[in-house]
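Student: Just passing along the structure, written as structure tokens.
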Amino acid sequence: MASVATLAPITLTDRAVVEVKNIIMEKNVPDDYGLRIGVQGGGCSGMSYLLGFDKAKEQDETYDLDGLKLIMDKKHAMYVLGMEVDFQDGLNARGFVFNNPQAKSTCGCGTSFSA
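According to the working numbering, the sequence shown is numbered sequentially starting from 91.
Here you go:
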């Protein structure tokens with residue numbers, strides 16, 4: 091079973107928390123699902139961010155962030171330690187933005203990085 095940790099390796103801005111909660115309500119996300127944040131191979135710079143709803147698995151850590159259940163594979167923490175996830179809703183861009191101090195370089199779209 092996934093273990094529950096106290097301090098999440100990432101933060102979500104207030105705007106991101108509000109947007110995730112809106113999505114949970116609009117899409118009727120089941121109560122036993124949480125917001126999965128992690129990384130996966132691919133993208134312009136070698137790795138891309140993973141953001142979606144999922145059930146916790148055995149290798150996961152779960153965190154409580156402002157009433158949101160955050161799920162992350164333990165192996166992904168080193169790639170996102172200190173990352174801030176924001177949500178922008180402007181004329182030029184709408185969506186989640188990843189501000190990752192662990193990224194050595196990022197691509198133009200902001201969803202891919204190298205560590």
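All residues carry an ideal CB built from backbone N, CA and C; glycine is no exception.
May I ask you to list the residues that DSSP assigns as paired with M173?
Tutor: Answer is none; M173 lacks a bridge partner.
Student: Would G172 pass as a contact of Q192 if the rule is Cβ separation under 9 Å?
Tutor: In this structure, Q192 lies closer than 9 Å to G172 by Cβ.
Student: Taking the beta strand (DSSP E) that K111 belongs to, which residues open and close that run?
Tutor: Looking at the DSSP string, K111 is not in any beta strand (DSSP E); the run it does join, the alpha helix (DSSP H), is 104 to 116.
Student: Using the three-state DSSP reduction, which class does K165 fall into: helix, strand or coil?
Tutor: Reduced to three states, the DSSP call for K165 is helix.
Student: Please classify T146 as buried or exposed, where buried requires at least 16 neighbouring CB atoms within 10 angstroms.
Tutor: According to the sequence shown, residue 146 is Ala rather than Thr. Buried, because 16 or more other Cβ atoms sit within 10 Å of the Cβ of A146.
Student: Tell me whether F203 is buried or exposed, calling it buried when 16 or more other Cβ atoms sit within 10 Å of its Cβ.
Tutor: Per-residue confidence for F203 stands at a pLDDT of 49, beneath the threshold of 50, marking its modelled position as unreliable; the derived number appears in the next sentence. Per the 10 Å Cβ criterion, buried.
Student: Rounded to whole angstroms, how far is the Cβ of K159 from the Cβ of L125, which I believe are closer than 8 Å?
Tutor: That pair is a contact at about 7 Å.
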